[in-house]
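Right, one structure below, let's go through it.
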Amino acid sequence: TGPFTDTGVMAMNDQRTGKPMPNPSFELPDSTAATTIAIKYLDIRGRETGPFDIRFDPDGALQQENKQILDQFWTSWIAFDSGGNRGLVYFTQMLSYRCAIKAVHYSLNGTALDKEIKMPPCDAKDPYAIPSDYQPYFKVKDDVKSMAVQVTYTDGTKSPVREYKRQ
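Mind the numbering: the sequence shown is residues 802 to 968 in the working numbering, read in order.
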């Protein structure tokens, strides 16, 4: 709890009113823990409206954003033989957005999902960095023609089983 802070106005005018537009955003220190933020504003007639409580959960937001990216770009989860490195399967994209991932199960040449890629823990302070001591690929034999992958997210949901063909 504390005093309300004015977010000021932006360097542009609202086309409807001709007046400066209120700044709709504000920054919080990266050390801010999950909390409730109270928002209030002055309406077009100058009347105070609110306060309205909004839940702020930085870890939840990070997980949700990472999940959205993983869902959108699932075709990039796996890369066979990338950069001419024959026999290697890279999973760099999943690793970069691992804050949304609870588990990754996969199988080679089928859909049994009998293997697991162990991910390093999420580092909320530097969430997209790959730890220097972690190898973002594994070796496969020449007879591997495909890979099936399913991600279990931190919210408990699972992705569809995705199949990747080796070219």
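Beta carbons: idealized from backbone N, C-alpha and C, even for Gly.
- Contact between I902 and Y954 holds: CB atoms are separated by about 6 Å, below the 8 Å threshold.
- The segment 858 to 868 makes no contact with the segment 903 to 922; the number of CB pairs closer than 8 Å stays below 3.
- If you look at A925, you'll find it isn't in any beta strand (DSSP E); DSSP assigns it neither H nor E.
- Restricting attention to D844, V950, N824, the CA atom closest to the CA of V890 is found in V950.
- Between the segment 882 to 901 and the segment 927 to 942 there are three or more inter-stretch CB-CB distances shorter than 8 Å, so the stretches are counted as touching.
- Scanning its chain for C-beta atoms nearer than 6 Å, with the 5 sequence neighbours on each side dropped, one finds around T808 the residues N824, F827, in chain order.
- Here the alpha carbon of F874 sits roughly 14 Å from the alpha carbon of V962.
- Residue nearest to F853 within the set D844, I845, A839 is A839 (criterion: CA-CA distance).
- When rounded, the separation of the alpha-carbon atoms in G847 and K841 is 12 Å.
- Looking at the DSSP output, Q951 sits in a beta bridge with H906.
- Burial check for M813: the Cβ neighbour count within 10 Å stays below 16, so the residue is exposed.
- Per DSSP, the unbroken beta strand (DSSP E) holding P852 starts and ends at 849 to 857.
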